[in-house]
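Protein chains in written order, with UniProt numbering: chain A, 1 to 202; chain B, 1 to 202; chain C, 1 to 202; chain D, 1 to 202.
For each residue, glycine too, the CB sits at the ideal point set by N, CA and C.
Structure first, commentary second.
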DNA sequence: TATGAATGAGCCTTCATTCAT
DNA sequence: CATGAATGAAGGCTCATTCAT
């Protein structure tokens, strides 16, 4: 029976204010970049005032950090799930590669912001984000090393270089993937996984 | 004969003022980002005054554009040279891949700026830079398609996707390559070329 | 009989909310100044919310005014008591001088706020406070004039100038008196009274 | 012959911009207090824009510090001159006391700002100002101690307490001295010096 | 050629206060 | 009595750019 008390929703949207702000910021940061987007634009897009923004977020930086945290959390969880299966390592790596590509595309705005503006964060938050990102990379690298030890993957290229190579591509997905293009997110994911696994064939 | 008139060189370095400005801007943009670098910082680093900067460059944006033009020119020239050889296509692609990696590393600051700040350009200059960039991609893609037609490369993945995949990695080199690391630029180039060519094995 | 209904006391201290707010505000105003202290800080220090503050006080200014009223009331009462005695005027002046110094030190935070922030009050309240202050000065001056008429005090310096001179010092007590210093409040009071009375010797 | 090149004077006043800014800030700070005066008000009063202010001063704080430095410098110099004479110590102290009162009155705005807003300075500048102020006090105290050793002044009250007592009064001159009152600055100075010296009679 | 004082617009942030619940 | 989300106005400061010299 609907909200019975004031619960941070306004008539203009129905979604709670913090979420509206985050959504507006995400879109604007992705379109114009972090530095080029003013707090004024964000609150106007969200239909609130500056005071409201600073009621929920400590700073413009915080908004950015929140966006990062959201995408990092999702990807880490999904990778953990995939990597924990008992399938052969090649299948697990393929599944992980497809999955990370798909979720990257599904959150293309967040990813774009991530790699364009990560370095705008203050030193402390920057380190934190880098650390989480590194954990993600390491989980992925472990899969590759496992395959190399088993002999199903070539050991010609160091595993960490392979990871950097592959993720580099993912980070740039937002600069060439077009939602209205010929390929679905899944198809792109399959292709990228193909490339990775072929490059790893012994 | 030596310089007979004031020729925009000062005692402090000998290099002409415009080049000093460009060098200072490149370093600062790479370190702090374009938006975070003030014109004041640039002129101080170059040892000149604001008036001098605006004498040689129309705007801060111009500086950025100049940096882009420089790196684009260099890479295009080198790719043209490599691609024009008469060696088998696999060898030409490998040589091109190694070369682009090496020059990217040698101009890591420029590359970093390129991908971090490209979108700061006004629409017109932005289109121009994208067009040049596309020409570069197409030259590279043509090599892959040639190999696919000849059957020496797998046609499983569309050539343009392979190009985007590979260049995505290169664009992120600046975020993981460390000049003081274990691998020389050439070694990294060889590894990346290996990965590309293995991914293209039929 | 004990409190039978909610009476604005909370578990956290037992003291009623308005008093807790006043105490928190006094400490913070003295430490950081009135303008540098936010309402948010005050309510946090008092362990209540903004709504509570505005329930008891009309504005931040009111808080300040309340602090003034408190210190003015205390000092006026004590001066009245001392001055009304039937001792010789020199003794009464000395007692008054000692007393005002002691109470000033005992309420050093209030005094500090008083002289640092008095001018923040709106014109009306400002006039009111100044008037009360003046009444206090006049009471003190009357003692001096009495002594001058009797010939026990020198008349070389106009009484009101002597008052301004002496109170100026008191107002600055908060900037040099240290509770952990060598002198007790009473000792400081005696010294200041000495100085005043010696300056008034014929 | 007047200014031949651009020299930071504008038509609207003739005085250089920094001095105009300082004068405007001094008046406004004295009238309204530091916190209540906005940078916007200052630049409007000086007839320039904010950019100009920040061209000459690093911050609003800097303006304050500059005002302090000015008055501190003047007073220190004059005290040094007076104290260095070869007159008897009582005469030197009297001259110093008169002089400090006169210069305080002559720079009443600066003094007012000084004691109302000193604590607004950042910790570093605050320490610096306090240190200079202390040096001034110590110079004055040395005169009193000299007289006490010679027996021309009473030793009943510790010299540093006498100094704090006397300067406390001076600091509050701005709250009771009226330029349009009956007493000239010099007369006030003489009276205050009288009070001090009488309080120090053995 | 080169200077640097000055502009003017905009930026992020703070804060006392209100009000529906 | 009390909450705390939201407002709205202002505040200090930065910065690319211009222009008289």
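Excluding the 5 residues preceding and the 5 following residue i in the sequence, name in chain order all residues of the same chain whose CB lies nearer than 6 Å to its CB.
i	result
residue 107(A)	71
residue 26(D)	67, 109
residue 189(D)	98, 101, 102
residue 141(B)	159, 160, 163
residue 200(C)	153, 154
residue 137(A)	163
residue 63(C)	25, 57
residue 129(C)	68
residue 37(A)	28, 29
residue 173(B)	104
In chain A, which residues lie with their C-beta within 7 Å of the C-beta of residue i?
i	result
residue 116(B)	116
Taking C-beta to C-beta, are residue i and residue j nearer than 8 Å?
i	j	result
residue 143(D)	residue 92(D)	yes
residue 99(A)	residue 74(A)	no
residue 168(B)	residue 181(A)	no
residue 191(A)	residue 157(B)	yes
residue 34(A)	residue 117(A)	yes
residue 195(D)	residue 90(D)	no
CB-CB under 7 Å to residue i, same chain, minus the five flanking residues each way: which ones, in chain order?
i	result
residue 187(B)	none
residue 30(A)	109, 112, 113
residue 54(C)	none
residue 60(D)	39
residue 78(A)	99, 103
Residues of chain D with CB closer than 9 Å to the CB of residue i, please, in chain order.
i	result
residue 157(C)	191, 192, 194, 195, 198
residue 15(C)	Per Cβ cutoff of 9 Å: no residues; residue 15(C) is ~29 Å from chain D at best.
Considering only DSSP beta bridges, list what residue i is partnered with.
i	result
residue 185(A)	Answer is none; residue 185(A) lacks a bridge partner.
Can you pull the chain C neighbours of residue i, defined as C-beta to C-beta under 8 Å?
i	result
residue 61(D)	By Cβ distance, chain C contributes nothing, its closest Cβ being about 13 Å from residue 61(D), past 8 Å.
residue 164(D)	169, 172, 176
Using the beta-carbon of each residue, which ones in chain B are nearer than 7 Å to residue i?
i	result
residue 161(A)	191
Closer than 7 Å by beta-carbon distance: list the chain C residues that pair up with residue i, in chain order.
i	result
residue 65(D)	Residues of chain C passing the Cβ test: none, with the nearest at roughly 17 Å.
Which residues of chain B have a Cβ atom closer than 9 Å to the Cβ of residue i, listed in chain order?
i	result
residue 35(A)	33, 34, 35, 36, 120
Give me the residue from the options with the minimum Cα distance to residue i.
i	options	result
residue 104(D)	182(D), 195(D), 178(D), 197(D)	178(D)
residue 46(A)	52(A), 36(A), 63(A), 24(A)	24(A)
residue 32(A)	139(B), 146(B), 121(B), 193(B)	121(B)
residue 42(C)	191(C), 151(C), 28(C)	28(C)
residue 131(C)	80(C), 76(C), 36(C), 37(C)	76(C)
residue 94(D)	44(D), 166(D), 15(D), 173(D)	166(D)
residue 175(A)	149(A), 150(A), 115(A)	115(A)
residue 147(D)	50(D), 51(D), 88(D), 129(D)	88(D)
residue 96(A)	124(A), 123(A), 139(A), 149(A)	139(A)
residue 123(B)	52(B), 80(B), 65(B)	65(B)
Excluding sequence positions up to five away, which residues of its chain have a Cβ less than 8 Å from the Cβ of residue i?
i	result
residue 48(D)	10, 17, 20, 21
residue 119(D)	126
residue 80(B)	139
residue 135(C)	76
residue 145(C)	159
Which residues in chain D sit within 8 Å of residue i, going by Cβ to Cβ distance?
i	result
residue 201(C)	198, 201
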